[in-house]
Structures are given as C-alpha cells and as structure tokens.
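Asks: I am attaching a structure below and will ask some questions about it afterwards.
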Ligand SMILES: Nc1nc2c(ncn2[C@@H]2O[C@H](COP(=O)(O)OP(=O)(O)OP(=O)(O)O)[C@@H](O)[C@H]2O)c(=O)[nH]1
Ligand SMILES: [Mg+2]
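Residue numbers (this note's numbering): 73 to 451.
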C-alpha cells in the first residue's frame, strides 16, 4: 500500500467534554472498515448510500461501543459519536485496529475532491473558517460564500463576463480586510483614570460581570479581556487598571500593564466620568485611534460636557450603550456589516479574485477562466 492509498481517521472535534464528536474516515478501505465497525440499527440494513444518514452502533466484535450516525461516500465517511474523550479514544483505537492511520484533523473533514462539493476549494476553506467564526453573523457571511457570494460571482463571470466584472471581483477581494477583522477580532481597550467606571462599562459591553466594580479607586489591577458581540460583530474588550502616578510597586505594575494593553489596541475607549480627564492621557495615547466616552451619564448627564464629541453612557443603567456600540463599530470600520455579499474570507481567495480582475482588464479571457476555476477548485 503506498502512502497515497492509506485510509486515515481523524477526530474532527476538539478533545474534551461534549455532546457529540465527529470522526472522519478517508481512503480506499473506508467501506471495508465501516462494514467491520458499524452495525445498522435496523436488522438487515446495508451501509448508507451517498447523501443518506444511518443510525446504528459502533461495534468492536460483539461489543457495542456507542450509538452513532454514519454518512458514507465512496471513499470517505463521517461517524458521529457521542462526545467525551472516553468514547472518542475507544472509537479511534477501534479504527486503528482495523489498519486505519490516525491523522491530524482532515482538512475540512473531506478530501478537496469530495463529490459533495461542486466548488471544492471554497467548500473546504469554508469548513476550516467556520471553526473560527465567533458569531452567527460571521458564520453566515462565510457560509454564504460557498453556495452564493464569491462562488456565484465567479460562476456568473465564467458564464457571462460583463464590463463590470473586474470591479465586482475587486470589491469581493477588498472585503477580505473586513473578514480578517471578524475572524481575528479587533482589540478594544478601555482606559482612563481610576474610578472612572471602566469596569462597569466593560461588564456592560461584554454583558457579563467579569470585572470587580468598587468605589475604591484602583480596584482593577490585572487587565481582563473578554469577547463581546456588538450587533453580532465580535470584538475583544479589555478592561484595564486606572492610569495614575503611584510609587506603590503593585499599583505601578498594574498601570504599566494597562499601558502595554493600550499599545496593542486597535481602538482605545478613553473613559472619563463627565469628561473630567487628565489632559496628558489623550496625548500619551495619541498614536492610537481614540473614542472618547463620558461615563456615569445618569449622575453627570445634566452637566456641561468637557468634550461635546464624547459618547455619553451609563454603564450602570445601560443608557447610551447602543450609541456606544455603533461608535465602536464605526471607529473600527465595521459598521453596517452585510453578511450576504460576495466577500473573500481567505488570502488565497482575495489573491485569485484580484488576479481574475486583472486578467479581465487586460482582455486575457483564458487566464480569467483558469483563475476563476482555480478559485472554485475546479482545475
Ligand atoms: N451612578 C453611576 N455609578 C457608576 C457608573 N459606573 C461606575 N459607577 C460607580 O463608580 C465606581 C467605580 O466604578 P468602576 O467601574 O469600578 O470604575 P473603574 O474605572 O473600573 O475603577 P478602577 O478599576 O478602580 O480604576 C463604582 O462605585 C461604580 O458603582 C455609572 O454609570 N453610574
Ligand atoms: Mg476597574
């Protein structure tokens, strides 16, 4: 048997506790192996045909290891077992006993030539990227690219190129910049003087009481980073220690760490109660994008604001949180995100879309066709 002909199994789901886990089995011995380890629940039933799911048991000789659901295509299968490392370990051991080699998770679960994909390259990338999607909006935007989005656009241009085609391809390629911000969320850091209401605001943004809130100035020392969803857009929100000058070793270290986080931020939300902010803070942060926010609007709301541009919020009552969310997304250029448009979600897609656009502009139809087919994985 050459290495190309090996049959391999991989645990596609992360090890650990869980309701279900998924094993993918790929290679020429798939059917033989399944016949040994899978017993359909219905007496006398055969293995499932392509596109069918079948309930049954994972068996080791006469012992039933688990109740499973199996799908099968000519040379690959998915075995849905119950979660938990115990069952997953037994199931993989069983497959190894059948001569199957264990590998790292198969790329996208199936070989790229799997008959399920009519555009195999985008399909495979989709399954990889979906694992990184942190919100429904993000996963919708990724999965849209397979049946619609960039795949549909490429197909339409292959069938019927128009003068607008290169513009549409470039717009889809440019969308990759936005997609990167969603797959690797932006870092938003809450900074400001002690007791300004940063932790209260951070808790309101992430919708969980992750930071301790107290009227003692200097409550937060270690920074706290949590994922927040603002209108379905994931961002990292970091609450930091108040910025002040102190000789106390631990407090000084907390302030130093806060400055570290500020240096790494994509956006600094500069928090002050009622706009009362030490003048040097914005100057020290000047290399960064800053969003000025005045907190405690429930008690300072009536006062004249030091900064008319600042967003007024109360982390305590929730007033102004919608406006703050919109302002954060606007600062990160992520406002009005529309999931269902053609948008590259991998570097490969963006490069091929741009290459196809260039080929159209130079009138090279053979290169246009070859590039778009490559995008879809059809060459
Ligand atoms: N009325 C009112 N009080 C608030 C608001 N936000 C915070 N506070 C109060 O202000 C005090 C300080 O709040 P924190 O959120 O801990 O402030 P902080 O900026 O994180 O403080 P340090 O971690 O010490 O730098 C607490 O007593 C809060 O209850 C608000 O929007 N309205
Ligand atoms: Mg705090």
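C-beta atoms are modelled at their ideal positions from N, C-alpha and C, and glycine is treated no differently.
Below 8 Å on the Cβ atoms is my guess for residue 340 versus residue 263; work out the distance and round it to an integer in Å.
Replies: The sequence position of residue 340 within the chain shown is 268, counting from 1. The sequence position of residue 263 within the chain shown is 191, counting from 1. Contact flag correct, Cβ pair sits at about 5 Å.
Asks: Is it a yes or a no for the segment 243-258 touching the segment 408-416, going by three-plus beta-carbon pairs under 8 Å?
Replies: Judged by Cβ distances under 8 Å, the segment 243-258 makes contact with the segment 408-416, as three or more pairs qualify.
Asks: Excluding the 5 residues flanking residue 126 on each side, which residues of the same chain have their C-beta closer than 6 Å to its C-beta?
Replies: As a first step, residue 126 is located in the chain shown; it is residue number 54 there, counting from the start. Within the same chain, residue 126 has close Cβ partners 112, 120, 142.
Asks: Report whether the distance from the Cβ of residue 323 to the nearest heavy atom of ligand 2 is below 7 Å.
Replies: Here residue 323 refers to the residue found at position 251 when the chain shown is read from its first residue. For ligand 2, not one heavy atom lies less than 7 Å from the Cβ of residue 323.
Asks: Can you tell me which of 109, 310, 318, 209 puts its alpha carbon nearest to the alpha carbon of residue 130?
Replies: In the chain shown, the residue the question calls residue 130 occupies position 58. The residue with the shortest Cα to Cα distance from residue 130 is 109.
Asks: Since residue 265 and residue 315 are thought to touch, with beta carbons under 8 Å apart, how far apart are those beta carbons, to the nearest angstrom?
Replies: The count along the chain shown starts at 1 and reaches residue 265 at position 193. The count along the chain shown starts at 1 and reaches residue 315 at position 243. About 6 Å; that satisfies the 8 Å criterion.
Asks: Under a three-way DSSP split, which group does residue 288 fall into?
Replies: The residue you call residue 288 lines up with position 216 of the chain shown. Residue 288: coil per DSSP, three-state reduction.
Asks: Among 240, 255, 274, 89, which residue has its Cα nearest to the Cα of residue 214?
Replies: Residue 214 sits at position 142 when you count from the first residue of the chain shown. If we check each option's Cα against that of residue 214, 255 comes out closest.
Asks: When you compare the CB positions of residue 177 and residue 147, do they come within less than 8 Å of one another, or not?
Replies: By 1-based counting over the chain shown, the position of residue 177 is 105. By 1-based counting over the chain shown, the position of residue 147 is 75. No.
Asks: Select from 105, 117, 330, 201 the residue whose C-alpha is nearest the C-alpha of residue 166.
Replies: For the purposes of this step, residue 166 is taken as the residue at position 94 of the chain shown. Per the Cα distances, 105.
Asks: Is DSSP giving residue 145 helix, strand or coil here?
Replies: Translated into positions along the chain shown, residue 145 becomes position 73. Strand, per DSSP.
Asks: Answer yes or no: the CB of residue 283 versus the heavy atoms of ligand 2, is any distance below 7 Å?
Replies: For the purposes of this step, residue 283 is taken as residue 211 along the chain shown, with counting starting at 1. Residue 283 Cβ: within cutoff of ligand 2.
Asks: Report the residue ranges of all beta strand (DSSP E) runs contained in full by the segment 116-178; include only those spanning at least 3 residues, in chain order.
Replies: Runs found: 125-132, 135-145, 148-154.
Asks: Nearest-angstrom Cα distance between residue 260 and residue 228?
Replies: Here residue 260 is taken as the residue at index 188 of the chain shown, counted from 1. Here residue 228 is taken as the residue at index 156 of the chain shown, counted from 1. In a straight line, the C-alpha of residue 260 is about 39 Å away from that of residue 228.
Asks: Hey, could you find the ends of the beta strand (DSSP E) residue 298 is sitting in?
Replies: Looking up residue 298 in the chain shown gives position 226. Per DSSP, residue 298 belongs to the beta strand (DSSP E) from 296-302.
Asks: With DSSP as the reference, label residue 184 as helix, strand or coil.
Replies: In the chain shown, counting from the first residue as 1, residue 184 sits at position 112. At residue 184 the pLDDT is 45, less than 50, meaning the model places this residue with poor confidence and gives no usable figure here.
Asks: Can you round the beta-carbon distance between residue 230 and residue 363 to whole angstroms, since I take them to be within the 8 Å contact cut?
Replies: Against the chain shown, residue 230 aligns to sequence position 158. Against the chain shown, residue 363 aligns to sequence position 291. Residue 230 to residue 363, Cβ: 44 Å. No contact.
Asks: From residue 302 to residue 277, what does the alpha carbon distance come to, in whole angstroms?
Replies: For this step, residue 302 is matched to residue 230 along the chain shown. For this step, residue 277 is matched to residue 205 along the chain shown. Answer to the nearest angstrom: the Cα atoms are 8 Å apart.
Asks: Alpha carbon to alpha carbon, how far is residue 434 from residue 170?
Replies: Against the chain shown, residue 434 aligns to sequence position 362. Against the chain shown, residue 170 aligns to sequence position 98. Cα to Cα, residue 434 sits roughly 55 Å from residue 170.
Asks: Give the secondary structure of residue 364 by DSSP, where H, G and I count as helix, E and B as strand, and everything else as coil.
Replies: What you label residue 364 is simply residue 292 of the chain shown in a count that begins at 1. Strand, per DSSP.
Asks: What is the residue span of the beta strand (DSSP E) that residue 97 lies within?
Replies: For the purposes of this step, residue 97 is taken as residue 25 along the chain shown, with counting starting at 1. That run of the beta strand (DSSP E) goes 92-98.
Asks: Leaving out five residues on either side along the sequence, give the residues of the same chain with a beta carbon under 6 Å from the beta carbon of residue 85.
Replies: Within the chain shown, numbered from 1, the residue matching residue 85 stands at position 13. Closer than 6 Å at Cβ, skipping near neighbours: 93, 94.
Asks: In whole angstroms, what is the alpha-carbon distance linking residue 396 and residue 268?
Replies: Within the chain shown, the letter at position 324 stands for residue 396. Within the chain shown, the letter at position 196 stands for residue 268. One C-alpha to the other measures close to 16 Å.
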